[in-house]
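Participant: Take this structure first; my questions come after.
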Amino acid sequence: MDILVQLKAERDKVAQQVNALDTAIRALSGMNSTRVSHGPRKMSAAARARISASQKARWARARGQKVVSIAPKHRISAAGLARIRAATKARWATVRPQKKWS
334 MDILVQLKAE RDKVAQQVNA LDTAIRALSG MNSTRVSHGP RKMSAAARAR
384 ISASQKARWA RARGQKVVSI APKHRISAAG LARIRAATKA RWATVRPQKK
434 WS
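Right, here's the structure in full:
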């Protein structure tokens with residue numbers, strides 16, 4: 334009889350340990366999910382306008398209506414790019430020596 338009491342006590346103890354392990358697994362499985370939630374996709378007004386214009390042109394072609402041309406993207410001129418590069422070099426010429434000693 335004494336052995337039955339010991340076996341039941343050991344069974345209860347092992348059942349408690351299994352429950353504790355199940356709880357730990359449930360807690361950890363929620364932490365290590367692969368899904369990453371991102372906020373809403375940010376898009377500039379110009380990008381939305383381009384997408385809207387291209388969709389309108391697409392549907393106009395599908396319906397056989399007049400297609401409205403989409404304005405091309407603006408590119409920076411070589412002179413403008415040179416001015417930006419010169420200003421950046423001048424800025425770093427003043428900032429870099431200050432950063433060495435701070």
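Numbers in our numbering are just positions in the sequence shown, counted from 1, shifted up by 333. Each residue gets a CB set at the ideal place from its N, CA and C atoms; glycine is no exception. Since this is a predicted model, take the numbers as computed values, not measurements.
#1: Mind checking which residues open and close the alpha helix (DSSP H) that includes ALA385?
#2: Does the structure place the region 371 to 387 close enough to the region 395 to 414 that three or more beta carbon pairs sit under 8 Å?
#3: Distance, Cα to Cα, LYS346 vs PRO373?
Facilitator: The structure says:
#1: For this step, residue 385 is matched to residue 52 along the sequence shown. The sequence as given places Ser at residue 385; Ala does not occur at that position. Element bounds for SER385: 378 to 396.
#2: yes
#3: For the purposes of this step, residue 346 is taken as the residue at position 13 of the sequence shown. For the purposes of this step, residue 373 is taken as the residue at position 40 of the sequence shown. LYS346 and PRO373: Cα-Cα distance of roughly 49 Å.
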